[in-house]
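Written below as structure tokens is the structure these notes are about.
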Amino acid sequence: MEAVFVLRQIVAGLAHIAKVAVEAEPADQDQVVVSPHAFDWLRDLYGPHAVVNRPVNPQFITEATEGARYALAHVQGRNRASRVTLTMIGDSPADTCDGDVKLAAARAVAAALGGQMEPAPYRGAHGAVFPA
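Residue numbers (the numbering used here): 464 to 595.
If you want it as structure tokens, here you go:
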């Protein structure tokens, strides 16, 4: 199952924007992998010579992976393990803050798995909140 979540939210006067696309498929154990093409959207937006390997990418990969793992652990009613591939990790240089990609990834994975997270993460005034 494929899903995309776009975070577009204003909190305390600040924009928060992130977009994550995922594919989920049955597996023997939960697993999260990142597509080598997760940042190719930069070429679509800025042209074929756009810099895709940016210094910020590792932070966004970490956030997206953590968000996916949170969803795998907190989506209610799951009865099988899943392999989640993060196929696209999108940001907006001026409007993506710490935790935005993590939140978008968690919501995308929950949508791909067809369930709700409990407890559900949210964007608070001081950052993304992932309740234990």
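C-beta: ideal position from N, C-alpha, C; glycine also.
- Go ahead and pull the three-state DSSP assignment for Q522. Here the question's residue 522 lines up with position 59 in the sequence shown. Helix.
- Task: Could you check if G476 is buried or exposed, using at least 16 other CB atoms within 10 Å of its CB as the buried criterion?
- Result: The residue labelled residue 476 in the question sits at position 13 within the sequence shown. Classification for G476: exposed.
- Task: State the DSSP-derived secondary structure class of V514, mapped to helix, strand or coil.
- Result: The sequence position of residue 514 within the sequence shown is 51, counting from 1. Coil, per DSSP.
- Query: When you compare only the Cα positions, how much space is there between I524 and A501?
  - Reply: The sequence position of residue 524 within the sequence shown is 61, counting from 1. The sequence position of residue 501 within the sequence shown is 38, counting from 1. When rounded, the distance between both Cα atoms is 9 Å.
- Query: With DSSP run on the structure shown, which of helix, strand or coil describes T528?
  - Reply: On the sequence shown, residue 528 is found 65 positions in, with the first residue counted as 1. In this structure, T528 counts as helix in the three-state DSSP scheme.
- Quick one: Cα of Q492 to Cα of G577, how far? The residue labelled residue 492 in the question sits at position 29 within the sequence shown. The residue labelled residue 577 in the question sits at position 114 within the sequence shown. Computed Cα separation, rounded: 18 Å.
- Compare the beta carbon distance of K482 and G553 with 8 Å and say whether it is the shorter of the two. If you number the sequence shown from 1, residue 482 lands on position 19. If you number the sequence shown from 1, residue 553 lands on position 90. Yes, the Cβ-Cβ distance between K482 and G553 is below 8 Å.
- Query: So, helix, strand or coil for H500, using DSSP?
  - Reply: Your numbering for residue 500 matches position 37 in the sequence shown. Here H500 sits in coil by DSSP.
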